[in-house]
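Novice: Protein chains in written order, with our numbering: chain X, 209 to 441; chain Y, 209 to 441. Cβ coordinates follow ideal geometry from the N, Cα and C atoms, glycine included. The model shown is predicted, which means the values in this text are computed figures rather than measured ones.
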């Protein structure tokens, strides 16, 4: 059976998309190794067959699945004998809540910090598109965002507190083993290390640092294996 | 078997503690009706038998359990045949993450809005204690907090976004049936309606309003049955 994952390509072969990392790690969690096809921000026509323009897109035999949450649910349902991504129906329901928290609270705090670095990381031919779309979103220029970075990092600190509290109790957000909610959150840290050497964590962030390092080691060091900056590893 | 829940008592027989509402709703979810014993902020000696000073405290036969999370886990483990609070191990793990989000993100946004009203709601003999402890916590007087309410309500709005997104998809945060994560979040809204008529939700909050109303109706209208303000119901 063919198994293909379309993901986002940036300059220097970087793969910063957190949505695509959710899918890559969910596939690895299920013991699956897809063929990867990486496309730039302005190559949406490559996934037009999926009926929309975003990545990740998974081809699994006859199934074409887009959207990282739909991919996770597809993998959980199509591969029930492999390790679970959700560990029961309650875990699936609350993973979706965590998904929304990552997309709307964590990303809200991270995006203005990381976007100027992403601008430098997207392929040269994608830069005009990226700058225009993100400056519209934030209502300010990339240069204005970069100047505000210290305040933005300070504003990030309390947003991470639920993670700190949870990781003071268990090795992973999902308990003693990682599961999909860990991948949801880790995708944001993987985005960060893909595009910059800014350390999002303070000096005393032992539990979060330890968790991030464990996440990099998972599945044969999958997330560690790609082009990234060292400092934030 | 004796089943007793110690909870927080405020003036006019109000019961605003969100931690105690977690326990009350978890007990109702399991089909259990405890004897309630309500104590004021300065009556900690009443629960000294539990080895600490906070409520809720549950006495369940020979077991004495304090801390709302420990009570939820006790009920889930001691009453496995009653409806589940977590719906599987993944649900338990992520309910704990939601617990930390409520305690550290949602409460962080809500506490400065609600504390001036709580000051007016605690029993007259508890007011000096409450004012002193909360003004130390916030680094400003209750009157200064009250003046800032419009800005604080505005800052609350984005914190609620993960809930809005989730409730646009399903009836409850935990899916088609309520479970412990719903009680965790709802406890904060129950606190609000217990002490003030400020509506925390904007005019266009259909999904969140509908959910809040359903939560008030659960278990025979348990949360609706207590002394509260109408406007924020």
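Does the Cβ-Cβ distance between residue 321/Y and residue 357/Y come in under 8 Å?
Specialist: Start at 1 with the first residue of the second chain, and residue 321/Y comes out as number 113. Start at 1 with the first residue of the second chain, and residue 357/Y comes out as number 149. Yes.
Novice: With a threshold of 7 Å, establish whether the CB of residue 380/Y neighbours any heavy atom of the ligand MN.
Specialist: This structure simply doesn't include the ligand MN, nor any ligand for that matter.
Novice: Any beta carbon of chain Y sitting closer than 8 Å to that of residue 309/X?
Specialist: As a first step, residue 309/X is located in the first chain; it is residue number 101 there, counting from the start. Using a Cβ-Cβ cut-off of 8 Å, residue 309/X counts as an interface residue toward chain Y, since at least one Cβ of chain Y sits closer than that to its own.
Novice: With a CB to CB cut of under 6 Å and the five nearest residues on each side skipped, what residues in its chain are close to residue 434/Y?
Specialist: Here the question's residue 434/Y lines up with position 226 in the second chain. Here the set comprises 223.
Novice: Mind checking whether residue 370/Y and residue 309/X have CB atoms under 8 Å apart?
Specialist: Translated into positions along the second chain, residue 370/Y becomes position 162. Translated into positions along the first chain, residue 309/X becomes position 101. Contact flag set, yes.
Novice: Using a beta-carbon distance below 8 Å, is residue 440/Y in contact with chain X?
Specialist: Against the second chain, residue 440/Y aligns to sequence position 232. Only weak support exists for where residue 440/Y lies, its pLDDT of 47 falling under 50; the value from the coordinates is given anyway. Chain X, which has no Cβ nearer than 8 Å to the Cβ of residue 440/Y, makes this no.
Novice: What are the residues in the segment 351 to 370 of chain X lying within 8 Å of chain Y by C-beta distance?
Specialist: 366, 367, 369, 370
Novice: Would you call residue 252/Y buried or exposed, if buried means 16 or more other Cβ atoms sit within 10 Å of its Cβ?
Specialist: Taking the first residue of the second chain as 1, we reach residue 252/Y at position 44. With fewer than 16 Cβ atoms within 10 Å of its Cβ, residue 252/Y is classed as exposed.
Novice: Should residue 425/X be labelled buried (16 or more other beta-carbon atoms within 10 Å of its own) or exposed?
Specialist: For the purposes of this step, residue 425/X is taken as the residue at position 217 of the first chain. So residue 425/X ends up on the exposed side.
Novice: Check whether the Cβ atoms of residue 298/X and residue 311/Y sit closer than 8 Å, and answer yes or no.
Specialist: Taking the first chain and counting its residues from 1, one reaches residue 298/X at position 90. Taking the second chain and counting its residues from 1, one reaches residue 311/Y at position 103. No.
Novice: Using 8 Å as the cut-off, can you tell me whether the segment 251 to 270 of chain X makes contact with the segment 346 to 363 of chain X, which would need three or more C-beta pairs spanning the two stretches below that distance?
Specialist: Result no; under three Cβ-Cβ pairs closer than 8 Å.
Novice: Here's the rule: buried if 16 or more other CB atoms are within 10 angstroms of the residue's CB, otherwise exposed. What is residue 338/Y?
Specialist: By one-based count along the second chain, residue 338/Y stands at place 130. Counting Cβ neighbours within 10 Å, residue 338/Y comes out buried, since at least 16 surround it.
Novice: Span of the beta strand (DSSP E) holding residue 243/X?
Specialist: Position 35 of the first chain, counted from the start, is the residue given in the question as residue 243/X. First-last of the beta strand (DSSP E) with residue 243/X: 243 to 247.
Novice: Which of helix, strand or coil does DSSP assign to residue 441/Y?
Specialist: As a working mapping, residue 441/Y is identified with position 233 in the second chain. Since pLDDT at residue 441/Y reaches only 44, below the 50 mark, its modelled position is unreliable, and the value read off the structure follows with that caveat. Reduced to three states, the DSSP call for residue 441/Y is coil.
Novice: Taking buried to mean at least 16 other C-beta atoms within 10 Å of its own C-beta, is residue 393/Y buried or exposed?
Specialist: As a working mapping, residue 393/Y is identified with position 185 in the second chain. It counts as buried.
Novice: Would you tell me roughly how many angstroms separate the C-alpha atoms of residue 379/Y and residue 346/X, rounded to the nearest one?
Specialist: Position 171 of the second chain, counted from the first residue, corresponds to residue 379/Y. Position 138 of the first chain, counted from the first residue, corresponds to residue 346/X. The alpha-carbon atoms of residue 379/Y and residue 346/X are separated by roughly 32 Å.
Novice: So with CB distances below 8 Å, who are the chain X contacts of residue 218/Y?
Specialist: Within the second chain, residue 218/Y is the residue found at index 10, counting from 1. By Cβ distance, chain X contributes nothing, its closest Cβ being about 27 Å from residue 218/Y, past 8 Å.
Novice: For residue 257/X, write down the residues that DSSP places opposite it in a beta bridge.
Specialist: Along the first chain, read from residue 1 onward, the residue named residue 257/X stands at position 49. BP columns for residue 257/X are empty, so no partner.
Novice: Decide if the segment 210 to 220 of chain X is in contact with the segment 244 to 261 of chain X; the criterion is three or more beta carbon pairs, one per stretch, under 8 Å apart.
Specialist: yes
Novice: Kindly indicate if chain X contains any beta-carbon less than 8 Å away from that of residue 265/Y.
Specialist: In the second chain, the residue the question calls residue 265/Y occupies position 57. With 8 Å as the cut-off, residue 265/Y does not count as an interface residue toward chain X.
Novice: In whole angstroms, give me the CA-to-CA distance for residue 402/Y and residue 285/X.
Specialist: Taking the first residue of the second chain as 1, we reach residue 402/Y at position 194. Taking the first residue of the first chain as 1, we reach residue 285/X at position 77. Roughly 43 Å between the two C-alpha positions.
Novice: Can you give the Cα-Cα distance for residue 319/Y and residue 241/Y, rounded to whole angstroms?
Specialist: Within the second chain, residue 319/Y is the residue found at index 111, counting from 1. Within the second chain, residue 241/Y is the residue found at index 33, counting from 1. Separation of residue 319/Y and residue 241/Y (C-alpha to C-alpha, rounded to the nearest whole angstrom) is 29 Å.
Novice: Spatial neighbours of residue 333/X within its chain, please: CB distance less than 8 Å, with the 5 preceding and 5 following residues excluded, ordered by chain position.
Specialist: Taking the first chain and counting its residues from 1, one reaches residue 333/X at position 125. These residues qualify, in order along the chain: 248, 250.
Novice: In the DSSP output, which residue or residues are listed as bridge partners for residue 274/X?
Specialist: Counting from one through the first chain, the residue named residue 274/X turns up at place 66. 265/X, per the DSSP bridge assignment.
Novice: Let me see if you follow: with CB-CB separation under 8 Å, is residue 422/Y close to chain X or not?
Specialist: On the second chain, residue 422/Y is found 214 positions in, with the first residue counted as 1. By this cut-off, residue 422/Y is not an interface position.
Novice: Could you confirm whether any beta carbon from chain X is found closer than 8 Å to the beta carbon of residue 427/Y?
Specialist: The residue you call residue 427/Y lines up with position 219 of the second chain. No, its Cβ sits nowhere closer than 8 Å to a Cβ of chain X.
Novice: Opposite residue 444/X in the DSSP bridges: which residues?
Specialist: Past the boundaries of the shown model lies residue 444/X; chain X is included only from 209 to 441, so the question cannot be answered.
Novice: Starting from the Cα of residue 410/Y, find the closest Cα among 361/Y, 238/Y, 324/Y and give me that residue.
Specialist: Taking the first residue of the second chain as position 1, residue 410/Y is located at position 202. When only C-alpha atoms are compared, the closest one is 361/Y.
Novice: So with Cβ pairs under 8 Å, would you call residue 346/Y a contact of chain B?
Specialist: Going by chain labels, chain B is absent from the structure shown, which instead holds the protein chains X and Y.
Novice: Please work out which residues of its chain come closer than 8 Å, Cβ to Cβ, to residue 303/X, disregarding the five sequence neighbours upstream and downstream, and give them in chain order.
Specialist: Residue numbering aside, residue 303/X sits at position 95 when the first chain is read from its first letter. Correct list, in chain order: 280, 293, 294, 387, 388, 389, 392.
Novice: Here's the rule: buried if 16 or more other CB atoms are within 10 angstroms of the residue's CB, otherwise exposed. What is residue 377/Y?
Specialist: In the second chain, the residue the question calls residue 377/Y occupies position 169. So residue 377/Y ends up on the exposed side.
Novice: Closer than 7 Å by beta-carbon distance: list the chain Y residues that pair up with residue 381/X, in chain order.
Specialist: As a working mapping, residue 381/X is identified with position 173 in the first chain. Correct list: 305.
Novice: Count the other CB atoms, across all protein chains shown, that sit within 10 Å of the CB of residue 257/X; report buried if there are 16 or more and exposed otherwise.
Specialist: Your numbering for residue 257/X matches position 49 in the first chain. Residue 257/X should be labelled exposed.
Novice: Just checking: is the beta-carbon of residue 312/X within a distance shorter than 8 Å of some beta-carbon in chain Y?
Specialist: Within the first chain, residue 312/X is the residue found at index 104, counting from 1. Judged by the 8 Å Cβ criterion, residue 312/X is in contact with chain Y.
Novice: Determine, using beta carbons only, whether residue 374/X comes closer than 8 Å to chain Y.
Specialist: Translated into the one-based positions of the first chain, residue 374/X becomes position 166. Yes - at least one Cβ of chain Y is within 8 Å of the one on residue 374/X.
Novice: Cβ closer than 7 Å: which chain X residues qualify as neighbours of residue 390/Y?
Specialist: Taking the second chain and counting its residues from 1, the one referred to as residue 390/Y is at position 182. None at all; the shortest Cβ gap to chain X is about 10 Å.
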